[in-house]
Structure formats: C-alpha cells, structure tokens
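These notes are about the structure you will find just below.
Protein chains in written order, with the working numbering: chain A, 423 to 647; chain B, 423 to 647.
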C-alpha cells in the first residue's frame, strides 16, 4: 500500500507513520509550512523521526509544502501573525484561539492532489478524539464529509484513513509505545510555543504530559521547567 | 452580504463577480497562482475585470494566493510542469489531461479559511455544467459533499454558493450579457495556452466560441487566427 500521510513532527503523526510502516506501507510523508509559531521545531522533529525510521530500513519519501503565503491571510493565535499562545488545558475556551480556520481541509486537499498525482491508495490523517472538542476539522463528521468529497473529486481513486479518529492521546501513546520499533517519542515536538524547550503549559503540552502520566511513563523530551 | 469568490479572469468567474455585485454584495475576489501555463494572462484579465467594476463604483477587495510551490508536485498538462495543452473539443478524452488533481478542493479550502478569517457569509465558485463531463471537482455531487465538509469545519458559519452549477457556458454568457453593467467579456481570458492571443483551438477556447456563436454574438477578444 502506498500511503500519503501528514507528518507534523508531533506525537500523533509520528505514531501514524509508525503504524503504517509496521504494516509494510510505502509512506509518503507530507509536511506543511503554514506560518505556525512552532514550525522550525516541528520541522526538525519531523525530519528526526523520518531519519529514525530510515536508519532502520523503512521506505519513506518526504515532501514539504510551503503554504505560508496563503495562510498569511488566516487568523489564529497559532500563527506568527496572531496573538499569544494561551496556556492551560485544552478544554479551556482560550485554546480555541489556536484554531486555524480550515487548516485540515487545506492540508488534506493538498495531500489528496499529491496522492492522486503519485498514484497513492489513500491519504492518512492523525486526527484523534482529544481534538474533537476544540477543533471542528478533527471531528468524525468532518472526516466523513471530507471522505465523500475526495471520493467524488478523484472518481473513487482515493480514500481517507484516520485510524486514531476515536482514540485518545493516551491510547495513541499506548499504540506507539507497543509498536516494533516503538515510536521515537523522544524526537517528537508537541509544544505550540516558539522556543527550543517545550513550555509544559500550553494545551498541547498539558495533553501530552497527561498521556504519559496516565500510562505511568516518563516523557523523554526536555521541558523548560 | 460578504462573499469570497474565486476570480480566475475567465468568463465564468467574471460573470460570477458581476452577478454578486449586481445583488449589492461586498465582493472579496481570490486569485490563485498554481503554476498554470496561462497564469500571466489570467492574472492580467482578473485585474482588468476588477478595475472595470471599481471604476463604476463597486466595492471589491482582491487577494492573491500563491500556491505554486504546492502545485509543483501535481501532475497535469495544464501546468507549466506538464505536457502540451491538447486541442479540440472538451468532450475529447485528451482534454482530461488538463485536469489538475484536487485543484478546486485546494482552492475552495483556501477560500474557506480566508472567508472564515474575514467573517464572510459564503464562498462562491463559478463551476458550471459544461465542466461536469471532464472535471470531477466541478460536479454537483462534489459541490454538495464539499458544502457538508465546510459546514462541519466551520461549525455552520460558512456556506458555498455555485449559482451556475447547472448552467451551460451559453447560459452564463446570456446572464452576464444582460446584467447591468454587462460583464466585460472583452477583458476576460479563456485560452489555456501560454501566448498573448487566444489560440481558438484548445477545449476552453472552443467552448467559449461556441457560446458566443449560439447567442449570435461576436466574441470581443483577439484570436491568433
């Protein structure tokens, strides 16, 4: 199977990559520059994760899509053009400021065009249940509608897979931790902030730390605190 | 009403703009650079059409999105990276080489993100019945699925309009010709080829010329023949 998947460098997409490689898929990883504050760290993490797997003999192609000019016109605190990244738990209303309007739709659309161009079987997204509350473009009904849209636009040549759609962050970590090889979480980047060491306070960091704690594991990355 | 619409500089999108301006809408026109062979001429045409309406007191904002880097990885003869533009009628199988995989999905996704960012009521696409045969991303079932996708991703804040979805090119021309002011078709660009004067032979030109002929009108643009 030839799969085009989004690889941000975070936990979910790194697990997604490990999940497909374990199945013997030929993985084409797409990364996106869209002007997020944490893009340099994400890009480094994505690159480190890919190297980890390549060194172990897995077949991976990578493609970077630069959408910064387009996203300049989009409003979100996640973007360099927006306000401060809020701190606290994802359930807090403030985290909704990190929604980037239509991000997943744009990303999925570009991945689909690329996937059709290289004759891939499917595109895979790392969306999961923990994102449903805040991010409308991570919800099952969105993914289902997007799947129908892609089916029509590609005349049935392309499908979407979102294997973690109903999984929590903790369940994703559990899956990745038990894959062979285990997903290299020490190389992933989760923090939304523009700083080398993760803050441990933004919604994204809080959710990550909770997942490790729930499984009784120590998060292997460095935090500023 | 605040509408975000795609303006390529062709007949359909120029008519779309005239149609919404006539209704008193505040129009935000999005143009896209995606590496098509005819982009320089399209861009000029779009700019000329906007100037025509602005000089008559209509309120229009324009936004150019540069997606060339992303589309570099896409396969199509419509793109600079692809083969020759085929000649002949749209019904010929060869015209399918001008399909750009997922183009309308990417474009609509970017328009939607922008529309949400500026608080627009809807995005409008100039897709029409003449495109249904060749281009899957112009068909009613695609537009319906995309509408559902957008509704979910924006939590109902944004809708799609495609007023010409069931109209032929001839009917669109009829509508635009009878608007006040009439759509400035002399400023529009339809040809797919990379040359100043329209070829009159590619599927796009053939369809345009047929529309004018069916209404007994003379096409006001210059052709190389």
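Just so you know, even glycine gets a beta-carbon here, dropped at the ideal spot from N, CA and C.
Counting C-beta atoms within 10 angstroms of its own C-beta, residue 617(B) has fewer than 16 neighbours from the protein chains shown and is therefore classed as exposed. Counting along the chain, no alpha helix (DSSP H) covers residue 546(B); the unbroken beta strand (DSSP E) around it starts and ends at 544-546. Here residue 509(B) carries a strand assignment [DSSP, helix/strand/coil]. Residue 577(A) is classed as exposed because its beta carbon has fewer than 16 other beta carbons within 10 Å across all chains shown. According to the DSSP secondary-structure assignment, residue 486(B) is paired through a beta bridge with 453(B).
Cβ-Cβ separation between residue 467(A) and residue 610(A): approximately 5 Å, consistent with a contact (criterion under 8 Å). Rounded to the nearest whole angstrom, the C-alpha separation of residue 487(A) and residue 497(B) is 15 Å. For residue 476(A), the enclosing alpha helix (DSSP H) covers residues 461-476.
DSSP links residue 428(A) through a beta bridge to 452(A). Identification of chain B residues near residue 553(A) by a Cβ-Cβ cut-off of 8 Å yields none; the smallest Cβ-Cβ distance measures about 13 Å. At the C-beta level, residue 428(A) and residue 533(A) come within 8 Å of one another. Contacts with chain B at 8 Å (Cβ-Cβ) include residue 539(A).
From the beta-carbon of residue 564(B), the residues of chain A found nearer than 8 Å are 571, 574, 575. Taking all protein chains in view, the Cβ of residue 572(A) is crowded by 16 or more other Cβ atoms within 10 Å, so the residue is classified as buried.
Pairing residue 559(A) with residue 425(A) gives a Cβ-Cβ distance that is not under 8 Å.
With respect to chain A, the C-beta atom of residue 536(B) has a partner C-beta closer than 8 Å. Here residue 621(A) carries a coil assignment [DSSP, helix/strand/coil]. Contact annotation for residue 495(B) against chain A: 485, 536, 539 [CB-CB distance below 7 Å, chain order]. Looking at the backbone, the Cα of residue 597(B) and that of residue 639(B) are separated by about 13 Å. Among the residues facing chain A, residue 524(B) is included, as its CB has a counterpart in that chain under 8 Å away.
Taking 8 Å as the threshold, the shortest C-beta distance from residue 472(B) to chain A does not fall below it. Under the Cβ criterion (8 Å, minimum of three pairs), the region 439-455 of chain A counts as touching the region 477-485 of chain A.
When DSSP states are grouped into helix, strand and coil, residue 579(B) belongs to the coil group.
Scanning its chain for C-beta atoms nearer than 8 Å, with the 5 sequence neighbours on each side dropped, one finds around residue 552(B) the residues 512, 590, 591, 629, in chain order. Residues of chain A whose Cβ lies closer than 7 Å to the Cβ of residue 568(B) are, in chain order, 571. Under the three-state reduction of DSSP output, residue 442(B) falls in the helix class. Remark: C-beta atoms of residue 537(A) and residue 580(A) approach each other more closely than 8 Å.
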